[in-house]
Structures are given as C-alpha cells and as structure tokens.
C-alpha cells in the first residue's frame with residue numbers, strides 16, 4: 056500500500072514538473088542570454104551615443120549653446 060502511495064505521489068510530482076506554465080515560457084524567452092558582437096565602428100558609435108546621453112548639462116553650457124556667436128562666412132541669397 057505504501058509503495059502505491061509513493062508511486063502515486065511521484066507520478067503526480069512528475070506531471071506537475073513536466074507541465075510548464077505559459078508565464079515560464081514567456082519569461083524564459085524574454086530573459087534568455089544573448090551575445091552581441093560589434094565591429095569597431097559600431098563600438099565607436101555606441102560609445103559616442105553613450106557619452107552624449109551621459110554628458111553633464113548645466114545652465115552655462117545651455118546658455119553658451121543657444122547664444123553662441125554665428126559667423127557668416129559668405130553672402131547667402133535665397
């Protein structure tokens with residue numbers, strides 16, 4: 056009788072382990088490990104984008120940007 060109960064509980068346990076929920080499938084797909092290899096040019100561009108997004112922005116730098124002196128090189132007619 057004990058052997059039957061052990062077999063029954065092991066069978067139920069195996070069935071529970073064998074059934075993978077939908078959320079587990081989605082989570083495993085979304086969080087799978089990926090390897091990215093880039094060319095040196097791609098690495099340089101990525102570094103430039105990173106530096107742009109992480110630059111220090113101050114009131115003085117914004118003032119200097121918006122009120123910089125514009126030099127007219129040649130006469131421009133439209």
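In my numbering, the protein residues as written are 56 to 133. Even for Gly, the Cβ is constructed at its ideal location relative to N, Cα and C.
Run through DSSP, which three-state label would residue i get?
| i | result |
| --- | --- |
| residue 86 | coil |
| residue 129 | coil |
| residue 76 | coil |
| residue 122 | coil |
From what residue to what residue does the alpha helix (DSSP H) around residue i run?
| i | result |
| --- | --- |
| residue 96 | 95-108 |
Based on Cα-Cα distance, which residue from the options lies nearest to residue i?
| i | options | result |
| --- | --- | --- |
| residue 122 | 114, 128 and 129 | 114 |
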